[in-house]
Every structure is written in C-alpha cells, then in structure tokens.
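Okay, structure first, notes after.
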Ligand SMILES: C[S@@+](CC[C@H](N)C(=O)[O-])C[C@H]1O[C@@H](n2cnc3c(N)ncnc32)[C@H](O)[C@@H]1O
C-alpha cells in the first residue's frame with residue numbers, strides 16, 4: 429500500500445492509540461497482555477460486553493498492536509511490549525491519560541476561546557491520579573542516583589538531616605522516595621489541591637513514613653524561614669502565579685538554604701524542539717493541560733515551555749543565582765538555585 433500523507437497517518441495513529449487507551453481503561457488490555465485469547469475470553473476476564481470486546485480486539489489488530497489467528501488474539505510484543513515496563517516512565521499511564529484528557533476537550537475549546545484557564549480541582553476530578561503515575565518510574569530511576577547525586581552537597585546535607593519542602597508534590601512519589609532514603613531529614617509537601625493532598629497522605633501512611641507530611645497550602649504561602657531545601661519537580665509550569673510562588677519559596681528558606689527545580693529540557697523554541705519526536709506530546713499536553721491549569725483570566729499562563737524561556741530570568745529577578753544543574757537522561761533540567769542575600 430502507498431504511504432499515507434502525514435496528516436492521515438496522524439489521524440490513523442490517534443484512533444489506534446485511543447483504542448489502546450480504551451483497552452487500558454476497560455481492562456481488556458490485561459488478558460491480551462497475559463497471552464491473549466478469543467474475544468469472548470478477553471471480554472470474560474475484563475467483564476465487558478463481548479461484542480464490544482470483539483470490536484476492540486479487531487481494532488488492536490488493525491492498529492498493529494495485536495495479531496489474530498483462528499479467532500485467537502495475541503499481543504504484538506514489538507508494539508505492546510512497552511506497556512510491560514522497562515522504560516523510566518509509566519507508558520501505560522501515558523496512554524491511559526488520553527481518555528480523561530479527551531473528556532476535557534470541550535472544556536479546552538472553551539478555555540482557548542475565553543482565556544480563563546481550567547482550575548486544578550477540575551483537572552484533578554477528571555484525571556485523578558493517572559497523570560501522577562506517569563512520572564513515578566522517572567523518580568524511582570533518577571531522583572536519587574542522578575538529580576540528588578548530581579548535587580553532592582545536597583546529598584550530604586540530606587544524610588545529616590535537614591528540613592525539606594516540595595511545592596506541587598502531587599501524590600508525593602518523589603517525597604516518599606526522599607523520605608525513605610534520608611530518614612534523618614524531615615519532609616513536607618505543599619499542594620493546592622485538597623484531593624491530591626489526601627492521596628499523598630494515604631500513600632505516605634501506607635509506607636509508614638513518619639518523617640513525611642503533606643498540607644493543602646499554596647507554594648506562595650509556606651511557613652517562613654523553615655526549610656533548608658525547597659523542591660519543585662515538574663510542577664512550576666502548572667502554577668498560576670510563578671512570581672508569587674518564587675517569593676514564597678525564597679521566604680520559606682533558612683539562611684544557607686537552596687531550591688531544587690526540575691523542569692522539562694525543551695528549548696521553548698518550537699522549531700528547534702520539533703526535531704525531537706516526543707515534542708508533540710509535550711507541546712500537545714501543554715495546550716490541553718499544563719498551560720490551561722496555569723492560566724487565569726486576563727493573566728498570561730506559564731506552561732511547559734515557560735521555564736525554558738522565563739525561569740532563568742525570573743530566578744535572577746527574585747535574587748537567586750544558579751549553583752548547579754544536572755541535564756537528566758529523563759529529559760529534565762534539574763537546577764539548584766541559592767538566594768544571593770538571605
Ligand atoms: C503536574 S502535577 C506534578 C506533581 C508531581 N510533582 C509529579 O511530578 O508527579 C503539578 C502539581 O502542582 C500543584 N500545584 C499547582 N499550583 C500550585 C501552587 N501554587 N502551590 C502548590 N501546588 C500547586 C497541582 O495541584 C499538582 O498537584
């Protein structure tokens with residue numbers, strides 16, 4: 429067959445990956461990954477309508493995610509194998525996220541028209557913890573061995589025992605890893621979203637981490653002069669008031685304290701970034717999610733490309749100087765910044 433023009437290919441892959449996302453949400457993917465079977469067998473394991481299971485399984489074959497012979501469907505490891513893990517990102521969550529993000533598309537249309545953004549609580553209600561799961565393997569693979577190890581003075585201080593805050597911790601994966609690795613240090617997560625904080629508290633309790641707590645507090649309103657380290661991982665580009673949050677983080681630091689900020693390594697120039705085949709994911713997710721969460725009526729938002737373009741200048745304007753950076757294999761830049769005056 430002749431090659432499809434790129435636009436048709438894009439549409440075809442949207443349908444393919446959306447069908448896959450529906451399989452993850454309905455549970456049909458699990459029996460397929462576990463070895464497969466007839467459509468009726470897949471339906472029975474997932475507890476779904478058999479006729480729809482048959483349509484879904486056919487769509488998997490048409491998309492190149494499965495094969496079928498004698499009515500028995502099997503996964504194609506070349507394509508579906510990534511869902512089994514082995515890469516430092518939760519691929520299953522990345523794909524599954526398309527379902528709740530799709531449900532928000534009419535809201536995004538409104539937000540693009542009115543410029544009023546979409547609040548954190550609305551995103552939380554739609555996305556639940558699916559978006560949080562995306563980064564969890566990244567933190568497990570890189571947070572200690574690359575991001576903290578790349579700033580040796582921080583690693584030493586954390587070993588000795590310091591007070592650490594994270595702004596926008598979500599469900600708290602990064603803080604759980606840190607609290608467990610550095611039992612002499614004390615950790616607090618401040619997130620604006622109350623439901624997210626509830627999830628974080630439960631997850632920390634499940635791991636029995638006594639040196640970790642969470643509060644529903646805006647990053648701009650943390651206790652003053654209380655922390656030796658304030659972190660923000662993959663969250664700065666979601667805030668509606670970056671200047672206020674940076675002021676809050678500066679005020680929360682004790683003398684000698686520092687910030688540790690992880691943001692996407694995109695350049696912020698779409699022409700340059702287009703050379704990276706993952707850029708449509710970052711730029712598209714930004715338009716649907718990050719940018720809309722950061723946007724308020726009549727105010728510019730931040731969003732995924734903002735840190736690359738603005739964060740350096742804003743740190744300088746707020747009296748910080750960069751004390752080190754790690755270019756993470758995970759596609760992040762991890763910057764340590766210290767206040768010029770304390
Ligand atoms: C994309 S999530 C990142 C969560 C987590 N750091 C991770 O990487 O999995 C961004 C988080 O920042 C929180 N957030 C947004 N603005 C905030 C603010 N001003 N203060 C504290 N948290 C904020 C949101 O509620 C959300 O949980």
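Numbering (this note's numbering), first residue to last: 429 to 770. Even for Gly, the Cβ is constructed at its ideal location relative to N, Cα and C.
Is residue i near ligand 3, with its Cβ less than 7 Å from a heavy atom?
i	result
residue 560	By its list of ligands, the structure shown excludes ligand 3, since it contains just ligand 1.
Taking DSSP's pairing of strands, which residues face residue i in a bridge?
i	result
residue 616	593 and 641
residue 763	689 and 753
residue 472	Bridge partners of residue 472: none, in fact.
residue 495	502
residue 748	767
residue 661	690
residue 724	727
residue 655	681
residue 648	Answer is none; residue 648 lacks a bridge partner.
residue 465	501
Determine the burial state of residue i: buried for a count of at least 16 other Cβ atoms within 10 Å of its Cβ, exposed for fewer.
i	result
residue 770	Any reading at residue 770 needs caution, since the residue's pLDDT is 48, under 50, leaving its predicted position unreliable; the model's value is listed next. Exposed, since its Cβ has fewer than 16 Cβ neighbours within 10 Å.
residue 495	exposed
residue 540	exposed
residue 702	exposed
residue 448	buried
residue 515	exposed
residue 477	exposed
residue 436	exposed
residue 580	exposed
residue 619	buried
residue 624	buried
Under 7 Å from any heavy atom of ligand 1, does the C-beta of residue i make it?
i	result
residue 731	no
residue 616	no
residue 675	no
residue 655	no
residue 646	yes
residue 621	yes
residue 480	no
residue 570	no
residue 662	yes
residue 728	no
residue 706	no
Helix, strand or coil for residue i? Go by DSSP, reduced to three states.
i	result
residue 486	helix
residue 604	helix
residue 551	helix
residue 681	strand
residue 436	helix
residue 610	coil
residue 544	coil
residue 529	helix
residue 579	coil
residue 758	coil
residue 704	coil
residue 674	helix
residue 458	helix
residue 517	coil
Just checking: is the beta-carbon of residue i within a distance shorter than 8 Å of some beta-carbon in chain B?
i	result
residue 755	Absent from the structure: chain B. Only one protein chain is present.
* Should the segment 634–651 be called in touch with the segment 677–686, which here means at least 3 C-beta pairs below 8 Å? -> yes
* To do: Evaluate the contact criterion for the segment 625–635 versus the segment 653–666: three or more CB pairs, one atom per stretch, below 8 Å.
  => no
* Stretch pair the segment 478–496 + the segment 440–458: three plus CB contacts closer than 8 Å -> yes
* Asked: For the 8 Å Cβ check, are there 3 or more pairs between the segment 708–728 and the segment 529–547?
  -> yes
* Could you tell me whether the segment 730–750 touches the segment 629–643, where touching means 3 or more Cβ pairs closer than 8 Å? => no
* **Touching by the beta-carbon criterion (3+ pairs, under 8 Å), the segment 760–770 and the segment 706–713** => no
* Inspect the CB distances between the segment 749–757 and the segment 560–580 and report whether three or more fall short of 8 Å. => yes
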